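Undergrad: Using the numbering used here, you'd call the opening residue of the sequence shown number -3 and step up by one each time.
Here a beta-carbon is modelled for each residue, glycine too, at the ideal position from N, C-alpha and C.
A quick note: this is a predicted structure, and the numbers were derived from the prediction, not measured.
Can you keep this structure in mind? I'll have questions shortly.
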Amino acid sequence: MIRKDGFRFWGSRCLSDDPLFAFENYTRTAQVLADTMAEAHMWAVDGVLNPSLARDIIEGLRAKMRSLVNQGYLIGGDCWLDESVNDKDTLKAGKLTIRL
-3 MIRKDGFRFW GSRCLSDDPL FAFENYTRTA QVLADTMAEA HMWAVDGVLN PSLARDIIEG
57 LRAKMRSLVN QGYLIGGDCW LDESVNDKDT LKAGKLTIRL
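This is the structure in structure tokens:
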């Protein structure tokens, strides 16, 4: 990062060893999306995990992504429940995993 007439990035690579987070713009976008989605669904924390709650969360996430696409912040996005990860025992334990 350099400071000449404001702050600017010199290059776009991060120091991460993870190839998914090698570029600064990807990393910053992923962090903003994670924070935005978490804040938008605080109402679901400590709620009873049932199929309708999971559907409501998914629909809320999809609506937020559509909004970000319409505003030009994202090119596209989707989310879904991965049934291989969200088996009956995992959901009984209150653990819901949503893929983005």
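Please classify Met61 as buried or exposed, where buried requires at least 16 neighbouring CB atoms within 10 angstroms.
TA: Along the sequence shown, read from residue 1 onward, the residue named residue 61 stands at position 65. By the neighbour-count rule (16 or more Cβ atoms within 10 Å), Met61 is buried.
Undergrad: With Leu96 and Gly73 assumed to form a contact (beta carbons below 8 Å), what rounded beta-carbon distance in angstroms separates them?
TA: Locating residue 96 in the sequence shown gives position 100, counting from the first residue. Locating residue 73 in the sequence shown gives position 77, counting from the first residue. Confirmed, Cβ separation roughly 7 Å.
Undergrad: Looking only at C-alpha atoms, which of Tyr22, Ala34, Asp14 sits nearest to Ile71?
TA: Indexing the sequence shown from 1 puts residue 71 at position 75. Comparing Cα positions, the closest option is Tyr22.
Undergrad: Tell me the rounded alpha-carbon separation between Pro15 and Arg24.
TA: Against the sequence shown, residue 15 aligns to sequence position 19. Against the sequence shown, residue 24 aligns to sequence position 28. In a straight line, the C-alpha of Pro15 is about 14 Å away from that of Arg24.
Undergrad: Which residues does DSSP list as the beta-bridge partners of Glu24?
TA: For the purposes of this step, residue 24 is identified with residue 28 of the sequence shown, where counting begins at 1. Looking at the sequence itself, residue 24 is Arg, so the reference to Glu does not match. Answer is none; Arg24 lacks a bridge partner.
Undergrad: Going by beta carbon distance, what residues of the same chain come within less than 8 Å of Ser12, once the five residues before and after it are set aside?
TA: Here residue 12 corresponds to residue number 16 of the sequence shown, with the count starting at 1. Ala18, Thr23.
Undergrad: Between Arg51 and chain D, is there a C-beta pair that is closer than 9 Å?
TA: Annotation note: the requested chain D is absent from the structure, which comprises a single protein chain.
Undergrad: Return the chain-ordered list of same chain residues with a C-beta closer than 8 Å to the C-beta of Cys10, the five sequence neighbours on each side being excluded.
TA: Numbered from its first residue, the sequence shown carries residue 10 at position 14. For Cys10, where only same-chain residues beyond five positions count, the Cβ hits under 8 Å are Phe17, Ala18, Phe19, Glu20, Thr23.
Undergrad: Would Leu49 be called buried (16 or more neighbouring beta carbons within 10 Å of its own) or exposed?
TA: Here residue 49 refers to the residue found at position 53 when the sequence shown is read from its first residue. Flag for Leu49 reads exposed.
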